[in-house]
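Written below as structure tokens is the structure these notes are about.
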Amino acid sequence: MANELTTERVAILAAAARVQLDAASAARVARAVSPTVGRFSAPDIVVPFEVEPATFVVVQHRDARR
Amino acid sequence: MTDPTMLSLSELATALRERIVSSVEVTQALLERIAVWQPALNAFVAVEAQEALRAAEQADTARRSGAPCGPLHGVPLAHKDMYYNAGKPAGCGSKIRAGWIAPATSTAVKRLEAGGSFRLGALHMAEFAYGPTGHNAHLGHAHNPWDRSRITGGSSSGSGAAVAARLIPAALGSDTGGSIRLPAHFCGITGLKPTSGRVSRANAMPLSFTLDTVGPLARTAQDCGLIMSLIAGSDPLDPTTCGAPPWDPAATERSPSGLTIGVPTRFYVDDLEPDVASALDEAVATFRRVGARLVKVDLPDQTAVGAAALIVLGVEATSIHAPWLRTRAEDYGPQVRARLENGLAYSGVQYLEALRWRGLALEAHLEALGDVDVVVAPVARSPAPTLAETDLGPESSAHAAIQTITSFTRPINYLGLPALVVPAGRTPQALPIGLQLIGRPFGDEVLIALGRAFQAATDYHQGVPPAP
């Protein structure tokens, strides 16, 4: 499954970041982070095509002017 | 006169202005109290007695000479040890930055000092502000003034303990996932996590540039408003503050009648310990009594918001610390190292989706609020747990425990909303219980007004912990 966070995937991501991570630590990270990754990849979270991070500031300031 | 250490910040500023007490007398009284409490609390990482007394003498001389005096003239303050003061160490609760000398002063501290305050020392914090309990593998743990076997909450652990024990009238903390609100709740004081972009973070230690906020811990909402009146406002050194409205002192004095307060129907009211649930019920009754309108509010799923917060925090903290993770990983405490390693596991796409979703999540939250001005909610499900119960190692279960402690606070950072914690109850063992008043964007002043009204009707903020 695409969103499943495996020990192997954590090890690859750590290597890409040039941080040493032993196998036990990679397994611990996978266990720790999987619930968060799973929750955020649930189908109720959809980000439309045109939305960018700065949309947050637009919404924030729009409400301040109400 | 009354022992000056028992005065709130606002009362102390008035007493100094009216020359009822001198800055030297205040500083000496605080130093005497610190000498008694510090061995029990570990709230300070540095007490600069001689320098503080010299600054107090200068403040008294200036006042006598008729020089213009700011609203905090002659007030000694201490802040979380992540606010840089040029030429002073800022260890950030770490081994890695122990002895590091800051090259510049943080904007927030500069503004407080421009208002007349001076530095008494520096306060304990979780290592690099990355922990919600007040444990610290390098400095030793901070202890709760109400029960030394219990946590202060973190990461602004020293700020919470020192203000609660009356060792300092107010302090700056920082809040990335609850680090002002949790110590305020566990230690029985008042704390404001401002709207994102309301207070400059320039020359304060970063943890997550998206979620970090700078704010006060003090005894009262009025005191938090006084600090905010000095530190809020745009700063060219922190672009996130551009366009934020100026602080409006008059709005902090508005009446609660006419305000609508929302009580969540789920999540923030699920699985509460009975004392916390009672405090919430009692607070709702108090708000009704002071004239506010109470309604139920059905907020969007906060577990999704909390997950997005964890992704943003995890990636940004790990990115900031990546150079040290590569070269000095063994110099982190085990729990902080483990949390930083967790941040390696999110992909670039997940991180950017979490950032892009933020505006939509805020929009959905505001839509759910309708005409609600403020949401009242617990800060945590329980009062302060013991240090032993929360002495978490690097194992993955520790990650889950940390998430539980911050589950009611973390979503608010992601949404960028202001939240004021006010003491609102006590357990039969006298442990404090706080509630958070969560506002709309840039509605910080409304929270101060509501907090003032609540504290005029209650006395939970007046409690003083028994001497050690």
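As you go down the protein sequences, you meet chains A and B in turn. Convert by adding 164 to the 1-based position in the first sequence; the result is the number in the numbering used here. Convert by adding 249 to the 1-based position in the second sequence; the result is the number in the numbering used here. Glycine included, every Cβ here is placed at the ideal spot set by N, Cα and C. None of the values given here were measured: they were computed from a predicted structure.
A/PHE213 sits in coil when the DSSP states are folded into three classes, being neither helix nor strand. Here B/ILE480 is buried. Its C-beta has 16 or more other C-beta atoms within 10 Å. DSSP places B/ASN452 in the coil class of the three-state scheme, outside both helix and strand.
The DSSP-derived three-state label of B/TYR600 is helix. Sequence-distant Cβ neighbours of B/LYS337 in its own chain, meaning closer than 8 Å and more than five residues away, are ILE350, ALA351, ARG368 and ALA371.
A check of alpha carbon separations from B/VAL296 across B/GLU376, B/VAL273 and B/ILE417 identifies B/ILE417 as the nearest. Scanning B/GLN299, B/GLY365, B/ALA633 and B/GLY665 for the CA closest to the CA of B/GLU522 turns up B/ALA633.
Shortest Cα-Cα distance from B/GLY446 to any of B/PRO488, B/ALA467, B/SER478 and B/ALA414 involves B/PRO488. Nearest C-alpha to B/TRP606 among B/LEU664, B/GLY540, B/SER596 and B/ARG588: B/LEU664. Here the alpha carbon of B/GLU579 sits roughly 43 Å from the alpha carbon of B/VAL624.
Burial is judged here by how many other beta carbons sit within 10 angstroms of a residue's own beta carbon; A/GLU168 has fewer than 16 and is exposed. With three or more CB-CB distances shorter than 8 Å, the segment 656-670 of chain B counts as touching the segment 432-445 of chain B. B/PRO681 sits close to B/TRP395, with the two beta carbons spaced by under 8 Å. A/PHE213 is outside the set of residues whose beta carbon lies under 8 Å from a beta carbon in chain B. Excluding sequence positions up to five before and after A/ALA191, its CB lies within less than 7 Å of the CB of THR171, all in the same chain and listed in chain order. Taking C-beta atoms as the reference points, B/ALA603 and B/ALA557 count as a pair closer than 8 Å. Restricted to the segment 457-505 of chain B, the alpha helix (DSSP H) segments that are unbroken, complete and at least 4 residues in length are 470-480, listed in chain order. Secondary structure at B/LEU664: helix, using DSSP grouped into helix, strand and coil.
Collapsing the DSSP output to three states places B/LEU369 in a strand. DSSP places B/GLY409 in the helix class (H, G or I) of the three-state scheme. Interface annotation, A/ALA188: not in contact with chain B, CB-CB separation never under 8 Å. Between the alpha carbons of B/GLU267 and B/PRO495 lies a distance of about 29 Å. With contact defined as three or more Cβ pairs closer than 8 Å, the segment 692-704 of chain B and the segment 495-513 of chain B are in contact. By the beta-carbon neighbour count (other beta carbons within 10 angstroms, threshold 16), A/VAL210 is exposed.
Distance between B/GLY319 and B/LEU699, taken at the CA atoms: about 26 Å.
Annotated as proximal: B/LYS344 and B/HIS387, with beta-carbon spacing under 8 Å. DSSP places B/THR439 in no alpha helix (DSSP H) but in the uninterrupted beta strand (DSSP E) bounded by 439-442.
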